[in-house]
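Right, one structure below, let's go through it.
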Amino acid sequence: MSTYNKLSIIVPCYNEEESVPLFYAEAIKQDEFFASKNVELEFIFVNDGSRDKTVDVIKSLREKDERVHLVSFSRNFGKEAAIYAGFEKAKGDLVVLMDADLQDPPALLPQMYTHIADEGYDSVGSRRVTRTGEPPIRSWFARRFYGLMRKISNTEIVDGARDYRMMTRKVVDAILSMKEYNRFSKGIFGWVGFKTKWLEYENINRVAGETKWSFWKLFLYSLDGIMAFSTAPLALPLVMGILFCLAAFVLLVILIVRAALGYNVLALGIFSAVSFVGGVILGCMGIAAMYLGKLYLESKDRPKYLVDEEF
Ligand code: UDP
Ligand code: MG
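This is the structure we're talking about:
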């Protein structure tokens, strides 16, 4: 059993004027539970450059409730930046990240809290086990993406994981210590480790407004994910270069045999030479790419390790 004093609820908002009041009304239904545990709540709304009345709506909530806080961006910087800003502002020894659209049900908050406070987990993540209400083509690409990530990255990225997650201060500080610019939270949560409990639930559609993710935006985001957590694609030229050189060698063997049999081998000779030169160039690029990969990881300046406990 551990005691916690304050839970910071971080809500990134981009054009959520309709969702924010509904979210707030739903979230404060948990007040009683947290009061009974002596845990104070604070709401941190991060306005990510909304073009609607999101900020006004948040300001009017603040007039009624001192626990409401706002960080408002000068323009749209993306959900990842909003999450980071929320983590920086959060004062709680517990922090939870939630969407404004009620796709992350506040009713799960007491359960998340219990896993952390009573069972000693450091973090409680949530994953949806169904993708109903989502276009099938999107689900298909999402599954391929997670499959690929599992193969080429050594960070655990869970299929269907949402960003809805409650964490202790230890985990939040670990996340803040990853200062990289291109952020991919699902990867970062996996990378920092710690004892994580997973809750599963059925997909819930958003209450109001529409998803901020077009197919194209999601596709680019998935590339960000791959590039942030894997340097495997950089090995591709090296592998291809080796294959081309092998092909050149096989062609050369065929050429020698055919020349000995008295055939004209001019075309084969050209193929073999081109393949060899191509292979060497690709191979050299591949070697440079491998160094680039190392340099890339160095430039992220991630912590070399994270400590859970020591004495
Ligand atoms: N969001 C944001 N900046 C953006 C896009 C989205 O802060 O550029 C917020 C959005 O307001 C919502 C959350 O991130 O609270 C998740 O977005 P959305 O519900 O559109 O994504 P989905 O649930 O469809 O994956
Ligand atoms: Mg949503």
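Quick note on numbering: the numbering used here labels position 310 of the sequence shown as 304, and the sequence is numbered without any gaps. Backbone N, C-alpha and C fix where the C-beta goes; we use that ideal spot for every residue, glycine too. Keep in mind it's a predicted model, so treat the numbers as computed, not measured.
8 Å contact criterion, which residue i and residue j should meet: CB distance rounded
i, j, result
"D302", "F188", "6 Å"
"S13", "G203", "6 Å"
"I248", "L262", "6 Å"
"Y8", "K206", "5 Å"
"L88", "T(-3)", "Contact doesn't hold; Cβ gap of about 11 Å is too wide."
Status (buried if at least 16 other CB within 10 Å, exposed otherwise) for residue i
i, result
"S44", "buried"
"K23", "exposed"
"V233", "exposed"
"E26", "exposed"
"S306", "Residue 306 lies beyond the residue range present for the chain, which begins at -5 and ends at 305; the question has no answer from this structure."
"S30", "exposed"
C-alpha gap between residue i and residue j, whole angstroms
i, j, result
"C239", "V271", "8 Å"
"L16", "L96", "8 Å"
"M(-5)", "L102", "19 Å"
"F67", "V165", "25 Å"
"A136", "N(-1)", "38 Å"
"F213", "R132", "10 Å"
"V309", "K191", "Coverage of the chain is limited to positions -5 through 305, which leaves residue 309 absent and any answer about it impossible."
"L217", "V186", "21 Å"
"S171", "K294", "11 Å"
"G280", "L289", "14 Å"
"L193", "V51", "31 Å"
"R251", "A229", "The sequence shown places Val at residue 251, not Arg. Roughly 34 Å separates the two Cα atoms."
"Y115", "T225", "31 Å"
"L246", "A282", "28 Å"
"F305", "P227", "41 Å"
"M179", "E36", "Position check: residue 179 holds Ser in this sequence, whereas Met was assumed. Those two C-alpha atoms are separated by around 22 Å."
"R159", "G219", "18 Å"
"G141", "W210", "19 Å"
At which residue ranges does the region 44 to 71 contain complete alpha helix (DSSP H) runs of 4 or more residues, listed in the order of the chain? 48 to 58
Cβ pair count under 8 Å reaching 3, the region 124 to 136 against the region 39 to 55: no
Fully enclosed by the region 213 to 267, which alpha helix (DSSP H) runs are 4 residues long or longer? 230 to 254
Count the C-beta pairs between the region 106 to 123 and the region 136 to 146 that are closer than 8 Å, then say yes if the count reaches three, no if not. no
Segments of 4+ residues assigned as alpha helix (DSSP H) that fall wholly inside the region 117 to 171: 130 to 146, 163 to 170
Which runs of the alpha helix (DSSP H), 4 residues or longer, sit entirely within the region 1 to 39? 13 to 21, 25 to 30
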